[in-house]
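Below you'll find the structure, written out as structure tokens, and then a few comments.
Residue numbers (full-length UniProt numbering): 1 to 162.
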């Protein structure tokens, strides 16, 4: 797993909580193999980008899993991954999210609808449209902007794709 590194020691320690929980939930995950960095090479990745624009209570990780095997520390032989062990990784990840939100409510504020950029932009757009449209109505008694419907972008059919 990869996480971002921060100058603020408290934030860095909070960033490490999730990988530590994952380590306690999954025998094929090692906290010792978790890397926290801010490599310039990784600047364009989702983890680095989102870690830079989200607030202090948000943490971004990259989870990498081998296509072949893992070592559990108890045996010198590699343990091959199967469909079932990949499913177990997913269950352990979900359990870790559950544990994280149960054990650290003071570290993780509950998001509100207005805390998401999409919703904030949507609210700004509504206010802007209200100002533009005002209370005036057209000759047919309708306020033009409030009754406008925006059609979704049509999906390309297979034969329409280049």
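No residue lacks a Cβ here, since even glycine has one placed at the ideal position from N, Cα and C. Computed from a predicted structure; not experimentally measured.
Does DSSP put residue i in a helix, a strand or coil?
| i | result |
| --- | --- |
| residue 76 | coil |
| residue 26 | coil |
| residue 35 | strand |
Who are the near neighbours of residue i in its chain, counting only those whose CB is closer than 8 Å to its CB and skipping five residues on each side?
| i | result |
| --- | --- |
| residue 78 | 68, 69, 70, 71 |
| residue 73 | 30 |
| residue 91 | none |
| residue 43 | 49 |
| residue 66 | 81 |
| residue 64 | 1, 2 |
Output needed for residue i: all residues of its chain with C-beta closer than 7 Å, excluding positions within five of it in sequence on either side, in chain order.
| i | result |
| --- | --- |
| residue 11 | 56 |
| residue 50 | 60 |
Which residues in the same chain as residue i place their Cβ atom closer than 6 Å to its Cβ, once the five residues preceding and following it in sequence are excluded?
| i | result |
| --- | --- |
| residue 28 | 70 |
| residue 23 | 29, 31 |
| residue 25 | 92, 95, 96 |
| residue 21 | 96, 99, 100 |
| residue 84 | none |
Around the Cβ of residue i, are there at least 16 other Cβ atoms within 10 angstroms (buried) or fewer (exposed)?
| i | result |
| --- | --- |
| residue 87 | exposed |
| residue 48 | buried |
| residue 96 | buried |
| residue 54 | exposed |
| residue 2 | buried |
| residue 103 | exposed |
| residue 76 | exposed |
| residue 18 | buried |
| residue 159 | With a pLDDT of only 44 at residue 159, under the threshold of 50, the placement of this residue in the model should not be trusted; the figure read from the coordinates follows. So residue 159 ends up on the exposed side. |
Provide the residue span of the beta strand (DSSP E) that contains residue i, from first to last.
| i | result |
| --- | --- |
| residue 90 | That residue, residue 90, is in no beta strand (DSSP E); its alpha helix (DSSP H) goes 83-103. |
| residue 2 | 2-4 |
Along the chain, where does the alpha helix (DSSP H) that runs through residue i open and close?
| i | result |
| --- | --- |
| residue 49 | 46-53 |
| residue 12 | 9-15 |
Three-pair Cβ contact test at 8 Å for the segment 2-19 versus the segment 36-45: yes
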